[in-house]
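Encoded as structure tokens, the structure appears first; notes follow it.
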Amino acid sequence: MEKGIEDMCEGEIRRVLVPSDMGKAETTNSVMTDFLTFNSAYGELGMPGAVPPDTAIIYDIELIKVNSPFTNPWFYAGLVTIAVSYMFFSRMSDAADRAKAAKFLASRSGEAQSSEESKKDQ
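Start counting at 1 in the sequence shown, then tack on 1286, and there's your number in the numbering used here.
Next comes the structure, spelled out in structure tokens:
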């Protein structure tokens, strides 16, 4: 089914043929993919009362609207929120690092001054 709707445009109508052996022919390691391809064609069992066994299925598909994240304003609001948060926390961590460095330098200069005063006193 995914192969049939690939590269469709909005408003396009496409007829997709799903062979009866599609569920048996395509096997992959993914459990979800196996489930989807197995149920694409009804296979040997068919669907009692609706689809006879080993029958090809024809779907008429119309693509009404493409729901792209780039057309949604919340997508851009999320991007802006992430960028602002990153900048804020980056600056806060830089400020914290500078405060630690300043405190360290102040303690080192305090130690140096006290050692100089003790030398002068002797």
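Every residue gets a Cβ at the ideal spot worked out from N, C-alpha and C, and that includes glycine.
Using a Cβ-Cβ cutoff of less than 7 Å, which residues in the same chain neighbour Met1294 once the five nearest sequence positions on both sides are dropped? Position 8 of the sequence shown, counted from the first residue, corresponds to residue 1294. Taken in chain order, the residues that qualify are Arg1300 and Leu1349.
Tell me the DSSP secondary structure of Glu1330 in three-state form. If you number the sequence shown from 1, residue 1330 lands on position 44. Of the three classes helix, strand and coil, the one that applies to Glu1330 here is coil, per DSSP.
Backbone CA spacing between Ala1342 and Val1352 [nearest angstrom]: In the sequence shown, the residue the question calls residue 1342 occupies position 56. In the sequence shown, the residue the question calls residue 1352 occupies position 66. The C-alpha of Val1352 is placed about 28 Å away from the C-alpha of Ala1342.
With a 10 Å radius around its C-beta and 16 neighbouring C-beta atoms as the bar for buried, classify Val1366 as buried or exposed. Stepping through the sequence shown from its first residue, residue 1366 is reached at position 80. Under this definition Val1366 is an exposed residue.
Rounded straight-line distance, which links the Cα of Leu1391 to that of Ser1371: Taking the first residue of the sequence shown as position 1, residue 1371 is located at position 85. Taking the first residue of the sequence shown as position 1, residue 1391 is located at position 105. Roughly 30 Å separates the two Cα atoms.
Own chain residues within Cβ distance below 7 Å of Pro1338, not counting five before or after: Position 52 of the sequence shown, counting from 1, holds the residue named residue 1338. Excluding sequence neighbours, Pro1338 sits near Gly1332.
Just reading off the beta strand (DSSP E) that Glu1348 is part of, what are its end residues? As a first step, residue 1348 must be located in the sequence shown, where it is residue number 62. Per DSSP, Glu1348 belongs to the beta strand (DSSP E) from Ile1343 to Glu1348.
Rounded straight-line distance, which links the Cα of Gly1297 to that of Ser1306: Start at 1 with the first residue of the sequence shown, and residue 1306 comes out as number 20. Start at 1 with the first residue of the sequence shown, and residue 1297 comes out as number 11. Rounded to the nearest angstrom, the two C-alpha atoms are 28 Å apart.
Return helix, strand or coil for Thr1314, following the three-state DSSP convention. Along the sequence shown, read from residue 1 onward, the residue named residue 1314 stands at position 28. Because the pLDDT of Thr1314 is 44, which lies under 50, any placement of that residue in the model is unreliable, and the question is left without a value.
In whole angstroms, what is the alpha-carbon distance linking Gly1335 and Tyr1328? Here residue 1335 is taken as the residue at index 49 of the sequence shown, counted from 1. Here residue 1328 is taken as the residue at index 42 of the sequence shown, counted from 1. The alpha-carbon atoms of Gly1335 and Tyr1328 are separated by roughly 12 Å.
According to DSSP, simplified to helix, strand and coil, what is Val1370? As a first step, residue 1370 is located in the sequence shown; it is residue number 84 there, counting from the start. Looking at Val1370 - three-state DSSP - the assignment turns out to be helix.
Can you give me the C-alpha to C-alpha distance between Ala1311 and Lys1289, rounded to a whole angstrom? Translated into the one-based positions of the sequence shown, residue 1311 becomes position 25. Translated into the one-based positions of the sequence shown, residue 1289 becomes position 3. Bear in mind that a pLDDT of 43 at Ala1311, under 50, signals an unreliable position, so the number given afterwards is only what the model happens to contain. Distance between the alpha carbons of Ala1311 and Lys1289: 15 Å.
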